[in-house]
Amino acid sequence: MVCARSGHGAVAFEGRVVVTGGTSDNYVQSMTQLADCEELDPRLGRRGEWSPAGRMSSARSGHTATTLLGKLYVVGGEASSHSAAACESSEPRSRSWQPLPPISTKW
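Once you know that position 49 of the sequence shown is 493 in the working numbering, the rest is easy, because the numbers rise by one and skip nothing.
Quick look at the structure:
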């Protein structure tokens, strides 16, 4: 990947692997949460390379990612050492993210 990361989401979407968010240890600060997304087209074999695939509106790690009806969804996770209720969706071809209603924090 362009940026090594952990705690990220990964989904298969239209023949590509899309990786969302996570954390990166930049050796200057402790773990930094990422909003960046990357994608790989494995059909290209060894010629394939990871490439940028847009930025979520919120940096996060430990979230879930899934696809449904042509969109990619990212839900919850952790942002700046607290639970993130934010959710967003993207049409990966446009590489733009749209906010969704947050997860309810009421039990």
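Glycine included, C-beta positions come from ideal geometry on N, C-alpha and C.
ARG499 sits in a strand when the DSSP states are folded into three classes. Between the alpha carbons of VAL461 and ALA454 lies a distance of about 7 angstroms. Remark: C-beta atoms of LEU478 and GLY489 do not approach each other more closely than 7 angstroms. In this structure, the CA atom of VAL519 is about 16 angstroms from the CA atom of SER540.
According to DSSP, residue pairing for TRP541 in a beta bridge involves SER534. Looking at the DSSP output, VAL462 sits in a beta bridge with VAL455 and GLU483.
One Cα belongs to THR510, the other to ALA456, and the distance between them is close to 8 angstroms.
Boundaries of the beta strand (DSSP E) around ALA509: 508-512.
In this structure, the CA atom of ASP485 is about 7 angstroms from the CA atom of GLY459.
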